[in-house]
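Notes for the one structure printed next.
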Amino acid sequence: MEKTNIVLIGFMCSGKTSVARILANMLNFDFIDTDILIEERFNMSIDQIFNRYGEAFFRNQELQIAEKLRNDKFKVISTGGGMVLNPDIMNKLKVNGTIFWLKAPVKELLKRIDQNNNNRPLLTKANSYEIHMLYKKRRILYERYCDYSIYTGQKTPKQIAQYIMNIYKKEVYPIQKK
Ligand code: S3P
């Protein structure tokens with residue numbers, strides 16, 4: 371089966387959602403954000419879902435979404451930063467997707483996290499040491515599952531999207547059929 375989906379993975383605040391939106395637009399693919407799907411399903415924020423039902427429940431929702439997405443085509447999928455924790459999820463996403471890791475230095479992530487962590491339950495109470503530790507553990511997983519990694523550094527979301535599109539068109543799916 372041709373792998374037509376593009377899956378973005380990476381740590382919280384690495385820019386997955388912004389890049390996925392732009393990329394979906396450029397390619398005329400559907401945009402999917404797993405966090406948004408879960409929020410819409412329960413009509414609650416991620417933070418509220420974690421508080422009311424717990425993390426394991428949330429992770430199970432992510433698994434259900436991955437199960438559904440394995441049959442989908444031509445989607446740009448922005449994943450929650452913890453989806454790499456479950457190999458089942460990643461194997462499902464890989465069935466019809468190429469995985470791109472948006473890699474950013476932890477220092478840069480910490481800066482963004484400082485400005486924007488209110489709907490991220492894993493960050494609200496974490497200090498910078500704990501975030502470093504979490505990043506260290508997760509990094510290995512992003513590395514393991516990605517087909518391509520993109521060092522985002524000072525690039526804008528548009529530049530990152532352009533970069534991914536170039537790789538996709540050259541190496542992943544050269545014949546555009548949509
Ligand atoms: C999480 C990342 C979040 C969201 C939830 C848990 C994680 O997504 O799924 O707060 O475990 O890293 P973003 O990476 O889009 O912030």
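Adding 370 to a residue's 1-based position in the sequence shown gives its number in the working numbering.
Quick reminder that beta carbons are idealized off the backbone N, C-alpha and C, glycines included.
Closer than 8 Å to some heavy atom of the ligand S3P: that does not describe the Cβ of Phe412. With fewer than three CB-CB distances shorter than 8 Å, the stretch 464-478 does not count as touching the stretch 398-406.
At a threshold of 8 Å, Pro457 does not count as near the ligand S3P, since its beta carbon sits no closer than that to any of the ligand's heavy atoms. Taking a contact as a CB-CB distance under 8 Å, the pair Thr468 and Ile376 counts as one, their CB atoms being some 6 Å apart. The DSSP-derived three-state label of Phe399 is coil.
For Lys443, DSSP records no beta bridge to any residue. Judged by DSSP secondary structure, Ser498 falls outside any beta strand (DSSP E) and instead within the alpha helix (DSSP H) spanning 498-515.
Straight-line measurement puts the Cα of Lys373 at about 8 Å from the Cα of Tyr543. The shortest C-alpha to C-alpha distance from Met396 to any of Gln418, Glu541, Ile534 is the one to Ile534. Taken atom to atom, the span from the alpha-carbon of Cys383 to that of Ile483 is near 6 Å.
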